[in-house]
Amino acid sequence: HKFDPMPREKPLSGVISAFNQLCLMIKCRDRPVIAKKLRDEFGVDFSLLLRLLPNVSVLLPELISPAMRVEVGEAMNTLGVCFTLLRFVRVVSSPRHPIMLFLDDMQWADSTALDVIHTILSDTM
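FYI, my numbering numbers position 55 of the sequence shown as 55, with every residue one higher than the one before it.
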């Protein structure tokens, strides 16, 4: 996904957009398998992932309740964002089924997005 020079007030916009698109692609392909893995990994913490990636709701619609709906703009600390997205990446990818994200215009990425990308790329699991 493309980072834009203007949305500096929306940290992570390029990363969030890329992962939201990935959720839609997974829905069409591996929904039952990934849904079980997400349920096992996140359990009651699923609302944290939902805060960051609203499109994850297409993978586990049965877990979505009106009480879980959270404003996308609600603050999370950088470490929590990094760890939550890293857990998501570990669930949806594997050595046998890697994911590839094309992130364009990285010079416009905000520091939180760069932290998340660095965390994911540095993961050794």
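From the three backbone atoms N, C-alpha and C, an ideal C-beta is built for every residue, glycine too.
Nearest neighbour of T124 by Cα position, chosen from L114, L103, L86 and F102, turns out to be L86. Here DSSP, grouped into helix, strand and coil, assigns D123 to coil. Assigned with DSSP and collapsed to three states, D40 falls in helix. Excluding its 5 nearest sequence neighbours in each direction, L101 has C-beta neighbours in its own chain below 6 Å: A18, listed in chain order. Nearest to G43 by C-alpha distance, out of R31, R29, L60 and D105, is L60.
For D115, the three-state secondary structure derived from DSSP is helix.
In the structure shown, D110 adopts coil according to DSSP, grouped into three states. By the beta-carbon neighbour count (other beta carbons within 10 angstroms, threshold 16), L38 is buried. Of the candidates D104, N55, L12 and S13, the residue whose Cα lies closest to the Cα of C28 is N55. For the set R51, M106 and Q107, the Cα lying nearest the Cα of T84 is the one of R51.
Contact between T112 and L48 does not hold, since the beta-carbon distance rounds to 16 Å and is not under 8 Å.
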